[in-house]
Amino acid sequence: MNLSDLSTSPYLASDDYSVGTIMPPVVIERIQLADVPIPNSTKTNSKAVCFFKGATKGWVMNKTVARGIASKAGLPTKGIEKEWIGVTVQLIVVGNVRRPDGNKGNAFRLHNAWAPGAAPANVATNPTA
1383 MNLSDLSTSP YLASDDYSVG TIMPPVVIER IQLADVPIPN STKTNSKAVC FFKGATKGWV
1443 MNKTVARGIA SKAGLPTKGI EKEWIGVTVQ LIVVGNVRRP DGNKGNAFRL HNAWAPGAAP
1503 ANVATNPTA
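In the working numbering, the protein residues as written are 1383 to 1511.
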């Protein structure tokens, strides 16, 4: 059981993992906009949420990681909801990252990314949550 199993949030949380954790590679199944709650507020923000094959929770993408995915996988930055389906990504948990609310904590960063069908044969994909 993971700490994330105890959360009622539909999203992956980097704070549920230790700094340095390299997540297993996963394949993007779909990307959609969602109204994501702003911490310590009653407001929401519209964010791109990435869902992976076999996973139950979505991952709220940030611009830093999204740019890394586009760059490493050689993908366009427009039309990602169609162009990025089938991309294999691998995230790593880093610590002491300044968040939009000014606090510091863990965050997901891109460890690696491969275009659809380009992941090396030795890279097995598994759901993260």
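Ideal Cβ positions, reconstructed from N, Cα and C, are used throughout, including at glycine.
Is DSSP giving residue 1426 helix, strand or coil here?
The answer is strand: DSSP assigns residue 1426 an E or B state.
By DSSP's criteria, residue 1486 is part of a beta bridge. Which residues make up the other side?
Looking at the DSSP assignment, residue 1486 forms a beta bridge with 1480.
Any chance the segment 1428-1447 sits against the segment 1387-1407, with 3 or more Cβ pairs inside 8 Å?
Because the criterion of three Cβ pairs below 8 Å is met, the segment 1428-1447 and the segment 1387-1407 touch.
If you draw a straight line from the alpha carbon of residue 1396 to that of residue 1483, how long is it in whole angstroms?
Computed Cα separation, rounded: 16 Å.
Mind checking residue 1470: buried by the 16 CB within 10 Å criterion, or exposed?
With 16 or more Cβ atoms within 10 Å of its Cβ, residue 1470 is classed as buried.
Could you tell me if residue 1431 is buried or exposed, where buried requires 16 or more neighbouring beta carbons within 10 angstroms of its beta carbon?
That one is buried.
Just to check my reading of the structure: residue 1410 and residue 1474 have Cβ atoms closer than 8 Å, yes? What is that Cβ distance to the nearest angstrom?
The pair is not a contact, with the Cβ atoms about 17 Å apart (cut-off 8 Å).
For the alpha helix (DSSP H) containing residue 1420, list its first residue and its last residue.
No alpha helix (DSSP H) contains residue 1420, which DSSP labels as neither H nor E.
Pick helix, strand or coil for residue 1440, following the three-state DSSP scheme.
If DSSP states are grouped into helix, strand and coil, residue 1440 belongs with the strands.
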